[in-house]
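Asks:
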Amino acid sequence: MICTPICGRLTRRSLAVQRYFSLMSTHTGFKKVALVCSYQSQFYHSTRPQILHGCGVFDGSEIHEATSMLVHLSKAGADVFVFAPNIQQDHVTDHSTGSEVAEKSRNVLVESARISRGKIAPISELKSEKFDALLIPGGFGAATTLSNFASAGASCEVLQDVKRVLEDFVHAKKPIGLCCIAPVLAARCLPGVHVTTGTDAGTARAIKSMGAVHEKCEITEVCVDENLKVVTAPAYMCATATIADIFDNIGLLVKKVLSLTN
1 MICTPICGRL TRRSLAVQRY FSLMSTHTGF KKVALVCSYQ SQFYHSTRPQ ILHGCGVFDG
61 SEIHEATSML VHLSKAGADV FVFAPNIQQD HVTDHSTGSE VAEKSRNVLV ESARISRGKI
121 APISELKSEK FDALLIPGGF GAATTLSNFA SAGASCEVLQ DVKRVLEDFV HAKKPIGLCC
181 IAPVLAARCL PGVHVTTGTD AGTARAIKSM GAVHEKCEIT EVCVDENLKV VTAPAYMCAT
241 ATIADIFDNI GLLVKKVLSL TN
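If you count the sequence shown from 1, position 141 lands on 141 in UniProt numbering, and the numbers rise without skipping.
1) Return the first residue and the last residue of the beta strand (DSSP E) that Thr67 is part of.
2) When you compare only the Cα positions, how much space is there between Gly177 and Ile136?
3) Relative to the C-alpha of Thr232, which candidate in Leu190, Thr240, Met210 and Ala182 has its C-alpha closest?
4) So what's Val141 in DSSP terms, helix, strand or just coil?
5) DSSP puts Pro122 in a beta bridge; with which residues?
6) Write down every uninterrupted run of the beta strand (DSSP E) in the segment 137 to 224 whose length is 3 residues or greater and which is fully enclosed by it, in chain order.
7) Just list the residues that DSSP pairs Asn107 with in beta bridges.
8) With DSSP collapsed to three states, give me the class of Leu252.
9) Helix, strand or coil for Ala34, going by three-state DSSP, please let me know.
10) I need the DSSP call for Leu260, collapsed to helix, strand or coil.
11) Do the CB positions of Ile123 and Pro175 come within less than 9 Å of each other?
12) Relative to the alpha-carbon of Thr240, which residue among Thr220, Gly251 and Asn262 has its alpha-carbon at the smallest distance?
13) Taking the alpha-carbon of Glu167 as reference, which of Cys180, Arg188, Ala152 and Cys179 has the nearest alpha-carbon?
14) Taking the CB atoms as reference points, tell me whether Leu258 and Ala121 lie closer together than 9 Å.
15) Have a look at Leu185, Ile250 and Asp248 and flag the residue whose alpha-carbon is nearest the alpha-carbon of Gln160.
16) Might you give, ordered along the chain, the residues of its own chain that have their beta carbon closer than 7 Å to the beta carbon of His72, omitting 5 neighbours on each side?
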């Protein structure tokens, strides 16, 4: 495992209280990448999938992180395939106030399709043999939809399809990229994995309790578990990070994930 700086000068960043989760997959002209979001292309050759878990930082996928992944993958020549759980959200948040909305729950796949521009497939259809890599962006949905980390902490359970996909990609020796709070999914499902969620001590303790190793990284770094081919980045777990910082941090994540597909 290594922590790789994006640039020479490192700046300490504090971490956000909010935690975010999501899985993404993308498709390149030469490689296949899976992202768990809520989109699926019509093609399955040379692809990378993305997994999403709704739309919006406080109850779904973190939009800046998800779109940053998509932009960097597109610049690298990847065709993106997005997936999401076809289930109801745990809760709905009014993002203008931060308050929970007392309304009928929304469907995760339907909400995720907002980010994927309508192209999406249920995560149950995501098979590792069709892709070269897997990407998972952050967002609070990772802690309430893809898992129950928000309420259960180190004792959390991960959605069965998410657990299956993570384990399948590792067994196939195909790289996985996660950012923000999403690395706790790997910590729960992949014993001994090295991950980062930045410098937050509380999250680091929870990751340790799950049998994983937490590596402290700044917004200018990513953590690479060379053995399991798992790459993680702090992203918005760094509370003072700007959207430009997030874009650059995820760019390093995507670059490393793609390099591990060779």
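For glycine and all other residues, C-beta sits at the position ideal for the given N, C-alpha and C.
Replies: Here's the rundown:
1) Counting from one through the sequence shown, the residue named residue 67 turns up at place 67. No beta strand (DSSP E) holds Thr67; the alpha helix (DSSP H) holding it covers Ile63 to Lys75.
2) Counted from its first residue, the sequence shown places residue 177 at position 177. Counted from its first residue, the sequence shown places residue 136 at position 136. C-alpha separation (whole angstroms): 6 Å.
3) For this step, residue 232 is matched to residue 232 along the sequence shown. Selected option, being the one with the closest Cα: Ala182.
4) Here residue 141 refers to the residue found at position 141 when the sequence shown is read from its first residue. Per the sequence shown, the amino acid found at residue 141 is Gly instead of Val. Gly141 falls in the helix class under three-state DSSP.
5) Position 122 of the sequence shown, counted from the start, is the residue given in the question as residue 122. The beta-bridge partner set that DSSP reports for Pro122 consists of Ala84.
6) 176 to 179
7) Here residue 107 is taken as the residue at index 107 of the sequence shown, counted from 1. Its beta-bridge partners are Gln88.
8) Working through the sequence shown from its first residue, we reach residue 252 at position 252. Of the three classes helix, strand and coil, the one that applies to Leu252 here is helix, per DSSP.
9) The sequence position of residue 34 within the sequence shown is 34, counting from 1. If DSSP states are grouped into helix, strand and coil, Ala34 belongs with the strands.
10) As a first step, residue 260 is located in the sequence shown; it is residue number 260 there, counting from the start. Note: Leu260 maps to coil in three-state DSSP.
11) As a first step, residue 123 must be located in the sequence shown, where it is residue number 123. As a first step, residue 175 must be located in the sequence shown, where it is residue number 175. In this structure, Pro175 does not lie closer than 9 Å to Ile123 by Cβ.
12) Walking along the sequence shown from the start, residue 240 turns up at place 240. With distances taken between Cα atoms, Thr240 lies closest to Thr220.
13) Translated into positions along the sequence shown, residue 167 becomes position 167. Looking at the Cα atoms, Arg188 is the closest of the given residues.
14) Position 258 of the sequence shown holds residue 258. Position 121 of the sequence shown holds residue 121. No. Outside cutoff.
15) Counting from one through the sequence shown, the residue named residue 160 turns up at place 160. In terms of CA proximity to Gln160, Leu185 leads the group Leu185, Ile250 and Asp248.
16) For this step, residue 72 is matched to residue 72 along the sequence shown. Only Ile250, Gly251 and Val254 meet the Cβ criterion.
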